[in-house]
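Trainee: Sharing a structure, written as structure tokens. Questions coming.
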């Protein structure tokens, strides 16, 4: 039997990992009384404070069960909605609506003990019925990959506060997916208007969403756990990174998450009133190489391309050097992450030798690039690098997402294609031969199945590391870099999450100090 | 006169209908799939196909056209694929924002163009006339998004006088003016410079007319001759150009709204295109088309009022 980590570990992890920014000036907009303040050593925290945070991915509506992309759930999950478990800032699974759980030795039964006295914001009680309803409703999800929890066979209610989730086959990642959007607990009476309303059990109540402009959340006073650090939070949506950067400079917002104004980050580092923290994301910027092309079917040519690309220059062009150069398909926050960045060192001479040995002359490739600044910058460096070793590359800029997805992921009509894959643990796509990069390796599929069937942490990590090494050796793609998660906060704002873990952006620890 | 108005109205209705068909069928052949855009990269083809059927985008284009166009002209623009709420109120809200922005831009443009144009015409052989022309030439060569970025850098970031972006409704009073000032200026500066060139040309031409020489011969000073006889004549081409500029301003607003984070038609349109929210795109584009046509119609009807000679000609 495996059991849950203690609740104390949760508090400690949050305390250690919370992005602590020292205080000297306030972002608080509202009047305070002594009773609303507490001294945390960095200034006086204002519990009635309001915080306004600039964001980039714009929610089309509020229903992430039928609308793809991370924009909606990163705003709502952990703030308005909650699941049985959550992922903490270190990437570890922690209890949430389930106070503890046990996993049977065969890995097929997960028995959760639920928190008592939890209510939804509309007053409805949360109990085992909600777990059964929510997990069985995964069949109705059309977006955000419900198939990742397809191993869930049934949900059996033991009593009001105990529930057993039965899997059809062991799936080590099941808890991980339950900690993300797929594990959201819904109230059956609220699912009719998920696109426009949000009724959860979280520390914040949803107040309003002005389409693509701002979302208002306010502290839920009857929250079952530790109350949120601010009275209200406003998420302000920007489509332009510079506009958001100007807003934080002029006091339009108190903080910015996921900033992509890379050209301005150096100047932010020097701003005394703005603190910048660079964490990591779940993103893997990957250039797929289609082996339908005669030259790219040859492993020597693919290896030559790996050696020909100067990834440091790609990173410098795409993100001004922020982020990490990658050598494989996993990211630093993955439990099985291994640094493969030295596997194919930048060495044009080796690349030319490999191309000579492959004996294919006049290689000419079409490179499909989404119309995103990072991708266009990266593609130009890659085009120059490959030209230097004698490979002609024609850049084909395509509108993202509409055209790029259709041409590359659906029609699979490309030689080279680059994109930032932001979904967490997306290595599973290398075990799917139908995926657009067309990587079909029986060994990789077996290793992935072995990892999924693991029932202990070490077994899982070992299998995943072996799988990563195998994939890197086969070079179906060039893993360029892991984009940074850049957070900017004016002085006095603390508790913003440092890393983007592919789940909700937990705002409950955010505080404002005077 | 009545016949003219009816003829103009007839042309207007015909143009709107043709435009609706052009907008719809051009968007119909646009690559990219609304269902795929909504469900994201990871959705399976079966999920995407199911949504296509649910949205009705798998039906033939002519069927969808008739459905949309009858809905549009009976006040039901349909439901947005992305936001899942009715398109009408969203377009109406955004339209109000954009109209205010464009009106602000026109005010700025006219306030710049008339004095600059008239002065550079009156003083066209003197150094100050050349200076005024140079200023307007400079204005024409700056794209409005660049003007916007420069204004933000100066007035919001460096001086901290005005917000760098965002929007406040007119009901907010002073806050409204604080928010609209920079975008209206960015939008109006460039168009003001263009309009100033036309104003200058129109005034120069009027000053060479026989009736101006007659006015001077009757003893009027150059200034009063220009004010009493010249400007009214110079106004006809200026009003016509302003109406053409109106269309430019609406297009300029698309960019300016993005730079200043304003929830108008432009930013909605850009987002709708990215989401392949066809119903939303069609409705916004149709609203812009109708708006431009209405302004052109009004100007056509207004010109004979400004210049009585055009009444007999028509």
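Chains as they are written, first to last, in the working numbering: chain A, 27 to 540; chain B, 66 to 379.
A virtual CB, placed ideally from N, CA and C, is assigned to each residue, including glycine.
All values reported here derive from a predicted model rather than from experimental measurement.
1) Please report the distance separating the alpha-carbon of residue 209 of chain B from that of residue 260 of chain B.
2) From residue 489 of chain A to residue 477 of chain A, what distance separates their C-alpha atoms?
3) Do residue 242 of chain A and residue 268 of chain A have their CB atoms nearer than 8 Å?
4) Would residue 264 of chain A pass as an interface residue toward chain B - the criterion being a Cβ-Cβ separation below 8 Å?
5) Is there at least one Cβ from chain B nearer than 8 Å to residue 541 of chain A's Cβ?
6) Could you tell me which chain B residues have their CB closer than 7 Å to the CB of residue 171 of chain A, listed as they occur along the chain?
7) Check for me: the beta strand (DSSP E) holding residue 158 of chain B runs from which residue to which?
8) Over the uninterrupted alpha helix (DSSP H) stretch that includes residue 263 of chain B, give me the two end residues.
9) Just by C-beta distance, which residues in the region 245 to 269 of chain B are closer than 9 Å to chain A?
10) Taking 8 Å as the threshold, find out whether the region 114 to 121 of chain B comes into contact with the region 153 to 163 of chain B through three or more Cβ pairs.
11) Just to confirm before moving on: does the CB-CB distance between residue 516 of chain A and residue 299 of chain A stay below 8 Å?
12) From what residue to what residue does the beta strand (DSSP E) around residue 250 of chain A run?
13) What's the C-alpha gap between residue 53 of chain A and residue 539 of chain A?
14) How is the beta strand (DSSP E) around residue 80 of chain A delimited, first residue to last?
15) Any contact between the region 416 to 435 of chain A and the region 389 to 399 of chain A? By contact I mean 3 or more CB pairs, one from each, below 8 Å.
16) If residue 364 of chain A sits next to residue 494 of chain A, beta carbons under 8 Å apart, how far is it from one beta carbon to the other, in whole angstroms?
17) Could you tell me whether the Cβ of residue 161 of chain B comes closer than 8 Å to any Cβ of chain A?
18) Quick one: is residue 331 of chain B near chain A, going by C-beta distance under 8 Å?
19) Tell me where the alpha helix (DSSP H) around residue 90 of chain B begins and ends.
20) So residue 112 of chain B contacts chain A; which residues on that side make the cut at Cβ distance below 7 Å?
21) So, using beta-carbon positions, are residue 230 of chain A and residue 106 of chain A closer together than 8 Å?
22) Does residue 434 of chain A come out as helix, strand or coil in the three-state DSSP assignment?
23) Any idea which residues DSSP pairs residue 277 of chain B with across the strands?
24) Using beta carbons (cut-off 8 Å, strictly below), is residue 225 of chain B in contact with chain A?
25) Since residue 155 of chain B meets chain A, which of its residues come closer than 9 Å, beta carbon to beta carbon?
26) Output the boundary residues of the beta strand (DSSP E) element that contains residue 305 of chain A.
27) Taking the DSSP output, what are the residues bridged to residue 185 of chain A?
28) Could you spell out where the alpha helix (DSSP H) holding residue 133 of chain B opens and where it closes?
29) Just mark residue 228 of chain A as buried or exposed, buried being the case when its beta carbon has 16 or more other beta carbons within 10 Å.
30) Can you find a C-beta in chain A that's less than 8 Å from the C-beta of residue 209 of chain B?
31) Spatial neighbours of residue 104 of chain B within its chain, please: CB distance less than 7 Å, with the 5 preceding and 5 following residues excluded, ordered by chain position.
32) Any C-beta of chain A sitting closer than 8 Å to the C-beta of residue 103 of chain B?
33) When the cut-off is 8 Å and only beta carbons count, does residue 219 of chain B lie next to chain A?
34) What first and last residue would you give for the alpha helix (DSSP H) that runs through residue 342 of chain A?
35) Is residue 201 of chain A near the ligand GDP, judged by its Cβ being under 7 Å from some heavy atom?
36) Quick one: residues in its chain with C-beta nearer than 7 Å to the C-beta of residue 324 of chain A, no 5 flanking neighbours on either side, listed in chain order?
Mentor: Quick answer:
1) As a working note, residue 209 of chain B is residue 144 in the second chain. As a working note, residue 260 of chain B is residue 195 in the second chain. About 14 Å.
2) If you number the first chain from 1, residue 489 of chain A lands on position 463. If you number the first chain from 1, residue 477 of chain A lands on position 451. In a straight line, the C-alpha of residue 489 of chain A is about 5 Å away from that of residue 477 of chain A.
3) Start at 1 with the first residue of the first chain, and residue 242 of chain A comes out as number 216. Start at 1 with the first residue of the first chain, and residue 268 of chain A comes out as number 242. No. Outside cutoff.
4) Here the question's residue 264 of chain A lines up with position 238 in the first chain. For residue 264 of chain A, the answer is yes, since a Cβ of chain B falls inside 8 Å of its Cβ.
5) Residue 541 of chain A falls outside the range modelled here, since chain A spans only 27 to 540, and no answer is possible.
6) Working through the first chain from its first residue, we reach residue 171 of chain A at position 145. Going along chain B in sequence order, the residues near residue 171 of chain A (Cβ under 7 Å) are 107.
7) Taking the first residue of the second chain as 1, we reach residue 158 of chain B at position 93. Segment 152 to 187 is the alpha helix (DSSP H) holding residue 158 of chain B; no beta strand (DSSP E) there.
8) What you label residue 263 of chain B is simply residue 198 of the second chain in a count that begins at 1. Start and end: 239 to 272.
9) In summary, no residue of the region 245 to 269 of chain B has a CB separated from any CB of chain A by less than 9 Å.
10) Contact fails: fewer than three Cβ-Cβ distances are below 8 Å.
11) Indexing the first chain from 1 puts residue 516 of chain A at position 490. Indexing the first chain from 1 puts residue 299 of chain A at position 273. In this structure, residue 299 of chain A lies closer than 8 Å to residue 516 of chain A by Cβ.
12) As a working note, residue 250 of chain A is residue 224 in the first chain. Unbroken run through residue 250 of chain A: none, as it is neither H nor E.
13) Numbered from its first residue, the first chain carries residue 53 of chain A at position 27. Numbered from its first residue, the first chain carries residue 539 of chain A at position 513. Low per-residue confidence applies at residue 53 of chain A: pLDDT is 35, beneath 50, and the placement is therefore not dependable, though the value from the model is reported in the following sentence. Roughly 8 Å separates the two Cα atoms.
14) Along the first chain, read from residue 1 onward, the residue named residue 80 of chain A stands at position 54. Counting along the chain, the beta strand (DSSP E) containing residue 80 of chain A begins and ends at 76 to 81.
15) Short answer: they touch.
16) Numbered from its first residue, the first chain carries residue 364 of chain A at position 338. Numbered from its first residue, the first chain carries residue 494 of chain A at position 468. Indeed, because the Cβ distance is near 6 Å, the residues count as touching under 8 Å.
17) The residue you call residue 161 of chain B lines up with position 96 of the second chain. By the rule that beta-carbons nearer than 8 Å mark a contact, residue 161 of chain B does not touch chain A.
18) Position 266 of the second chain, counted from the first residue, corresponds to residue 331 of chain B. For residue 331 of chain B, the answer is no, since every Cβ of chain A falls outside 8 Å of its Cβ.
19) By one-based count along the second chain, residue 90 of chain B stands at place 25. It spans 67 to 93 - the alpha helix (DSSP H) in which residue 90 of chain B sits, taken as one unbroken run.
20) For the purposes of this step, residue 112 of chain B is taken as the residue at position 47 of the second chain. Under the 7 Å cutoff, chain A gives 168.
21) Position 204 of the first chain, counting from 1, holds the residue named residue 230 of chain A. Position 80 of the first chain, counting from 1, holds the residue named residue 106 of chain A. Yes, these two residues count as a Cβ contact at 8 Å.
22) Residue 434 of chain A sits at position 408 when you count from the first residue of the first chain. Helix.
23) Residue numbering aside, residue 277 of chain B sits at position 212 when the second chain is read from its first letter. Note: residue 277 of chain B sits in no beta bridge, so no partner.
24) The residue labelled residue 225 of chain B in the question sits at position 160 within the second chain. In terms of beta-carbon proximity, residue 225 of chain B lines the interface with chain A, with at least one pair separated by less than 8 Å.
25) Against the second chain, residue 155 of chain B aligns to sequence position 90. Under the 9 Å cutoff, chain A gives 237.
26) As a first step, residue 305 of chain A must be located in the first chain, where it is residue number 279. Where residue 305 of chain A is concerned, the enclosing beta strand (DSSP E) stretches over 300 to 306.
27) For the purposes of this step, residue 185 of chain A is taken as residue 159 along the first chain, with counting starting at 1. In DSSP, residue 185 of chain A forms a bridge with A:188.
28) Numbered from its first residue, the second chain carries residue 133 of chain B at position 68. Counting along the chain, the unbroken alpha helix (DSSP H) around residue 133 of chain B starts and ends at 126 to 138.
29) By 1-based counting over the first chain, the position of residue 228 of chain A is 202. Buried is the call here.
30) Position 144 of the second chain, counted from the first residue, corresponds to residue 209 of chain B. No, no contact with chain A.
31) Here residue 104 of chain B is taken as the residue at index 39 of the second chain, counted from 1. For residue 104 of chain B, where only same-chain residues beyond five positions count, the Cβ hits under 7 Å are 112, 113 and 116.
32) Taking the first residue of the second chain as position 1, residue 103 of chain B is located at position 38. Yes, because at least one Cβ of chain A sits closer than 8 Å to the Cβ of residue 103 of chain B.
33) In the second chain, residue 219 of chain B corresponds to position 154, counting from 1. It does not: the Cβ of residue 219 of chain B has no partner Cβ on chain A nearer than 8 Å.
34) In the first chain, residue 342 of chain A corresponds to position 316, counting from 1. Taken as a continuous stretch (DSSP letters only), the alpha helix (DSSP H) holding residue 342 of chain A covers 337 to 345.
35) Because no ligand of any kind appears in the structure shown, any question about the ligand GDP cannot be addressed here.
36) Stepping through the first chain from its first residue, residue 324 of chain A is reached at position 298. So the qualifying residues of the chain are 384 and 386.
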